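Quick notes on the structure that follows.
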Amino acid sequence: MDAAFIEKEFGVKVSQLADYWGLTGISGTGLAGVPGVGPKAAKDILAEHKDLEQTFASETLAEKYRKKLAGHEEQALMCRDLAGLKTDLALGLICRIFVGRSLSVASPIST
580 MDAAFIEKEF GVKVSQLADY WGLTGISGTG LAGVPGVGPK AAKDILAEHK DLEQTFASET
640 LAEKYRKKLA GHEEQALMCR DLAGLKTDLA LGLICRIFVG RSLSVASPIS T
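For the sequence shown, the residue numbers in my numbering are 580 to 690.
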């Protein structure tokens with residue numbers, strides 16, 4: 580998936596994809612999202628607000644969305660966090676690449 584695909588397929592920026600899934604959930608994964616919020620509503624909400632924190636703090640959120648989101652902030656944030664890609668993981672390996680060779684040494688890091 581690249582940025583163009585995400586914007587075309589989901590109608591949101593790459594930086595908003597996890598927030599989108601926090602609202603809609605991901606079918607077949609057990610991540611339910613917010614009841615009554617589907618792809619169209621999630622796109623509309625995220626077109627007006629940068630992320631879930633801004634959405635839930637907003638005083639200008641449309642009433643129809645405010646009603647759907649009421650009482651579901653924790654669920655949406657948890658779903659977003661579970662759906663998001665982790666980019667700060669310690670992999671526990673040090674890889675050394677030598678000139679003219681492919682990966683030659685991988686050893687665990689002692690902690």
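For each residue, glycine too, the CB sits at the ideal point set by N, CA and C.
What you are looking at is a predicted structure, and each value in this text was computed from that prediction instead of being measured.
List the residues that DSSP assigns as beta-bridge partners of residue i.
i: Ile605; result: Leu610
CB-CB under 7 Å to residue i, same chain, minus the five flanking residues each way: which ones, in chain order?
i: Thr565; result: Only positions 580 to 690 of the chain appear in the structure, and residue 565 is not among them; the question remains open.
i: Ser637; result: His628
Do residue j and residue i come within 8 Å of each other at the CB atom, strictly closer than that value?
i: Leu625; j: Asp660; result: no
i: Gln654; j: Asp630; result: no
i: Ala582; j: Val593; result: yes
i: Ala649; j: Leu610; result: no
i: Gly601; j: Leu656; result: yes
For residue i, which residues in the same chain have their Cβ closer than 6 Å to its Cβ, ignoring the five residues on either side in sequence?
i: Glu652; result: Phe635
i: Phe589; result: Tyr599
i: Lys646; result: none
Under 8 Å Cβ to Cβ from residue i, same chain only, skipping five residues before and after it: list those, please.
i: Gln633; result: none
i: Ile585; result: Val591, Lys592, Val593 and Leu596
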